[in-house]
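Take a look at the structure set out below.
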Amino acid sequence: MTHICERFDSLGFDNPERTYRLGIMGGTFDPIHIGHLACAEQIREKFGLDAIVFIPAGVPVYKKHLDITPAHHRFEMCRLACESNPFFDASSLEIDRAGDTYTVDTLRDLRAYYPENVELYFITGADAVFSIIKWRESSAIASLAHLIAATRPGYVVSDEQKADLLLHSDFSITYAEVTALAISSSDLRARVGEGKSLRYLVMQRVFDYIEREGLYQGVAHE
Ligand code: NAP
Numbered sequence: 035m036t037h038i039c040e041r042f043d044s045l046g047f048d049n050p051e052r053t054y055r056l057g058i059m060g061g062t063f064d065p066i067h068i069g070h071l072a073c074a075e076q077i078r079e080k081f082g083l084d085a086i087v088f089i090p091a092g093v094p095v096y097k098k099h100l101d102i103t104p105a106h107h108r109f110e111m112c113r114l115a116c117e118s119n120p121f122f123d124a125s126s127l128e129i130d131r132a133g134d135t136y137t138v139d140t141l142r143d144l145r146a147y148y149p150e151n152v153e154l155y156f157i158t159g160a161d162a163v164f165s166i167i168k169w170r171e172s173s174a175i176a177s178l179a180h181l182i183a184a185t186r187p188g189y190v191v192s193d194e195q196k197a198d199l200l201l202h203s204d205f206s207i208t209y210a211e212v213t214a215l216a217i218s219s220s221d222l223r224a225r226v227g228e229g230k231s232l233r234y235l236v237m238q239r240v241f242d243y244i245e246r247e248g249l250y251q252g253v254a255h256e
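So my numbering is basically just the index in the sequence shown, starting at one, shifted up by 34.
This is how it looks when you write it as structure tokens:
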């Protein structure tokens, strides 16, 4: 592999003496909204990450029966959303890879590309993380990256859920509550379908893109 994303291809290569922390925002991003961006920014600060790459899932394995927006649109929205933050970029890694999208393949690709002084932090929604024991090669995922689960306000991770994860694996998961995650992609799709505005809920460039491409028209509440 010769390329991950425009901004961070050289991360870690310049200074082998220093440890770098790369955040990986995994998600469907249909569409990417300010909740995702605020979440990434807060986690970047909290964990001292040097960069965060948003990687929209190509063919999300658990969503094959759903009507997902074509990957090139979801990637382009991520790219536009990241433009104004020098710590963020979007990668088409999962979109360019043929077949179903598995996180373990993505982490292996990143691990093979970046030198050892780059540590990987995989960030995604807590709901998704709770199903991680069912993901392909979940133990390998846990050994390749630190796992960060972003939660919405009021989301309670029960001791039972935590204990369940520990029973099934040796995953170490850090939870981060993010206020702005009260926004959800499914609500935004429904808003467009109902003729309501997405202004201020997505970045202006994403707002313009959704309008220009006519995305989410006719979407009903799921
Ligand atoms: P999802 O079920 O759509 O998301 C679960 C919840 O987390 C939703 O409320 C979602 O909010 C939120 N969320 C999703 N991504 C987030 C992020 N990066 N930061 C904060 N909140 C986020 O999950 P998904 O999008 O399908 O999958 C999430 C990631 O897990 C993807 O990278 C996917 O490839 C990976 N995954 C891998 C496997 C596997 O390897 N077998 C299986 C499942 C998922 P919004 O709807 O507002 O985004």
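Glycine included, each C-beta is placed from N, C-alpha and C at the ideal position.
Note down the Cα distance separating residue i from residue j, rounded to an integer number of angstroms.
i       : j       : result
Gly-92  : Met-111 : 14 Å
Lys-230 : His-70  : 20 Å
Gln-76  : Asp-139 : 26 Å
Arg-41  : Phe-109 : 15 Å
Asp-123 : Ile-207 : 24 Å
Glu-194 : Phe-164 : 12 Å
Ile-38  : Ser-192 : 36 Å
Lys-80  : Tyr-96  : 30 Å
Ser-44  : Leu-235 : 32 Å
Ile-167 : Met-35  : 28 Å
Ser-126 : Asp-134 : 14 Å
Val-240 : Ile-68  : 10 Å
Arg-131 : His-106 : 13 Å
Asp-48  : Ile-129 : 28 Å
Gly-46  : Ala-216 : 34 Å
Ser-173 : Leu-154 : 15 Å
Glu-245 : Arg-55  : 36 Å
Lys-98  : Ser-219 : 17 Å
Trp-169 : Ser-177 : 14 Å
Gly-248 : Arg-52  : 45 Å
Asp-143 : Arg-233 : 36 Å
Phe-205 : Pro-94  : 22 Å
Mind checking whether residue i and residue j have CB atoms under 7 Å apart?
i       : j       : result
Ile-182 : Ile-157 : yes
Gly-57  : Leu-83  : yes
Ala-160 : Thr-137 : no
Ala-214 : Ala-72  : yes
Phe-121 : Ala-162 : no
Leu-141 : Ala-197 : no
Arg-223 : Tyr-243 : no
Gly-188 : Gly-227 : no
Please list the terminal residues of the continuous alpha helix (DSSP H) segment that includes residue i.
i       : result
Asp-161 : 160–163
Glu-110 : 105–116
Asn-185 : First, the amino acid is wrong: residue 185 is Thr here, not Asn. Looking at the DSSP string, Thr-185 is not in any alpha helix (DSSP H); the run it does join, the beta strand (DSSP E), is 180–185.
Phe-42  : Run containing Phe-42: none; DSSP gives neither H nor E here.
Asp-221 : 219–227
Gln-238 : 238–247
Ala-214 : That residue, Ala-214, is in no alpha helix (DSSP H); it is neither H nor E in DSSP.
Leu-144 : 137–147
Asp-130 : 127–130
Which residue comes first and which comes last in the beta strand (DSSP E) that contains residue i?
i       : result
Ala-74  : From DSSP, Ala-74 is part of no beta strand (DSSP E) but of the alpha helix (DSSP H) over 68–81.
Met-59  : 54–61
Glu-211 : 207–211
Asp-101 : Where Asp-101 is concerned, there is no enclosing beta strand (DSSP E), given that its DSSP letter is neither H nor E.
Phe-122 : 122–124
Ile-89  : 85–90
Does the distance between the C-beta of residue i and the nearest non-hydrogen atom of the ligand PLP fall short of 6 Å?
i       : result
Thr-135 : Annotation note on the ligand PLP: not contained in the displayed structure, which lists the ligand NAP as its ligands.
Checklist entry - Counting Cβ pairs, one atom from each stretch, are 3 or more of them under 8 Å apart for the region 99–109 and the region 147–162? => result no
Checklist entry - Can you find at least 3 beta carbon pairs, one from the region 79–92 and one from the region 56–71, that sit closer than 8 Å? => result yes
Next on the checklist: Assess contact between the region 138–148 and the region 112–119, defined as three or more Cβ pairs (one per stretch) separated by less than 8 Å. Is contact present?
Outcome noted: no
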